[in-house]
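**Q** If you count the sequence shown from 1, position 6 lands on 28 in this note's numbering, and the numbers rise without skipping.
Quick one: the structure is below, questions incoming.
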Amino acid sequence: MNEIVLMSDPKIAAIPVADCGEPLVDVRLHESLAVDPRKADRTGAFAHLREGVLIRLLKAQKLLPDGIRLLFVEGYRPPALQRHYFERYAGNLRADNPHWSPTRIHHAASRYVSPPEIAPHSAGAAVDLTLVSADGQELDMGTPVNANPEESDGACYTDAENIGSAARANRRLLSDALTTAGLVNYPTEWWHWSYGDRYWALSSGADSAMYGARELG
Numbered sequence: 023m024n025e026i027v028l029m030s031d032p033k034i035a036a037i038p039v040a041d042c043g044e045p046l047v048d049v050r051l052h053e054s055l056a057v058d059p060r061k062a063d064r065t066g067a068f069a070h071l072r073e074g075v076l077i078r079l080l081k082a083q084k085l086l087p088d089g090i091r092l093l094f095v096e097g098y099r100p101p102a103l104q105r106h107y108f109e110r111y112a113g114n115l116r117a118d119n120p121h122w123s124p125t126r127i128h129h130a131a132s133r134y135v136s137p138p139e140i141a142p143h144s145a146g147a148a149v150d151l152t153l154v155s156a157d158g159q160e161l162d163m164g165t166p167v168n169a170n171p172e173e174s175d176g177a178c179y180t181d182a183e184n185i186g187s188a189a190r191a192n193r194r195l196l197s198d199a200l201t202t203a204g205l206v207n208y209p210t211e212w213w214h215w216s217y218g219d220r221y222w223a224l225s226s227g228a229d230s231a232m233y234g235a236r237e238l239g
């Protein structure tokens with residue numbers, strides 16, 4: 023497995039943001055994209071992405087074989103909710119590992135939840151998704167979406183070896199389509215893909231991120 027750069031790495035935060043001002047758009051307006059309600063919120067924020075990310079997502083869907091579709095799970099996440107998720111997971115790690123330093127807690131938490139100050143979900147730049155068959159059944163991906171490293175024994179990592187051959191093939195199918203469309207993966211989470219954020223800038227060699235954190239509306 024290649025060395026993984028985590029969201030907590032200082033080199034991510036050091037990347038400048040030159041926000042292009044693209045709007046957040048509701049992916050539910052595109053009937054070709056299946057949207058799962060598991061992360062639905064009262065305002066519908068979860069179903070929004072920057073326009074450029076959605077365009078690439080729709081392109082990726084066209085690259086999939088007949089009978090297989092993307093299943094959108096979560097896109098935009100308000101900064102306050104991102105902070106809540108991060109602090110809750112960090113708190114769980116702290117309770118389970120009382121001898122860990124604050125730095126180690128922060129580092130470990132970023133394997134699963136991005137630090138709020140650089141989170142691509144809060145920029146509308148990231149999407150969590152999986153694959154489904156024509157009848158809406160989720161394909162075997164080795165773990166559920168949002169499985170953390172502890173409960174999955176690391177199988178949530180995109181290149182994890184402790185998954186079956188079918189799951190490995192399905193992850194490759196997802197990866198090939200999304201990579202071709204221009205998105206990048208966060209390698210500790212097979213379901214997390216982004217475009218235009220700081221992590222994308224690092225992975226693609228861009229000088230700056232196109233999207234920064236923002237509020238919906």
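Backbone N, C-alpha and C fix where the C-beta goes; we use that ideal spot for every residue, glycine too.
Since we're looking at a predicted model, the values are computed, not measured.
To the nearest angstrom, report how far apart PRO38 and THR165 are at their CA atoms.
**A** Translated into the one-based positions of the sequence shown, residue 38 becomes position 16. Translated into the one-based positions of the sequence shown, residue 165 becomes position 143. Approximately 34 Å between the Cα atoms of the pair.
**Q** What first and last residue would you give for the beta strand (DSSP E) that runs through GLU48?
**A** Walking along the sequence shown from the start, residue 48 turns up at place 26. Before going on, a small fix: residue 48 reads as Asp here, not Glu. Element bounds for ASP48: 46-48.
**Q** Taking the C-alpha atoms as reference points, what is the distance between ALA62 and LEU51?
**A** Translated into positions along the sequence shown, residue 62 becomes position 40. Translated into positions along the sequence shown, residue 51 becomes position 29. Cα to Cα, the separation comes out at about 15 Å.
**Q** Within the same chain, show all residues whose beta-carbon is closer than 8 Å to that of PRO100, passing over the 5 residues directly before and after it, in chain order.
**A** Mapped onto the sequence shown, residue 100 falls at position 78. Here the set comprises ALA67, SER144, GLU237 and LEU238.
**Q** Residue range of the beta strand (DSSP E) that LEU238 falls in?
**A** Locating residue 238 in the sequence shown gives position 216, where the first residue counts as 1. Note, LEU238: premise wrong, no beta strand (DSSP E); not H, not E.
**Q** Note down, in chain order, each residue of its chain lying with its Cβ closer than 7 Å to the Cβ of LEU196, except the 5 sequence neighbours on either side.
**A** Start at 1 with the first residue of the sequence shown, and residue 196 comes out as number 174. So the qualifying residues of the chain are LEU153.
**Q** Identify, in the order they occur along the chain, each residue of the same chain with its Cβ nearer than 6 Å to the Cβ of GLU96, setting aside the five sequence neighbours on each side.
**A** To locate residue 96, count along the sequence shown from 1; it is residue 74. Once the five neighbours on either side are set aside, the close Cβ partners of GLU96 are LYS61, PHE68 and ASP150.
**Q** Just to check my reading of the structure: PRO137 and HIS128 have Cβ atoms closer than 8 Å, yes? What is that Cβ distance to the nearest angstrom?
**A** In the sequence shown, the residue the question calls residue 137 occupies position 115. In the sequence shown, the residue the question calls residue 128 occupies position 106. 7 Å between Cβ atoms; contact.
**Q** Throw me the rounded Cβ distance for the ALA82 and ALA199 pair, which I believe falls under 8 Å.
**A** Counted from its first residue, the sequence shown places residue 82 at position 60. Counted from its first residue, the sequence shown places residue 199 at position 177. 4 Å between Cβ atoms; contact.
**Q** Which residues bound the beta strand (DSSP E) around ALA148?
**A** On the sequence shown, residue 148 is found 126 positions in, with the first residue counted as 1. ALA148 -> beta strand (DSSP E) spans 148-155.
**Q** Threshold first: 3 residues or longer. Then list the beta strand (DSSP E) segments lying entirely within the region 71-129, N to C.
**A** Taking only runs of at least 3 residues, the beta strand (DSSP E) segments lying wholly in the region 71-129 are 90-96.
**Q** DSSP on HIS143, reduced to helix/strand/coil?
**A** On the sequence shown, position 121 is the one that residue 143 refers to. Note: HIS143 maps to helix in three-state DSSP.
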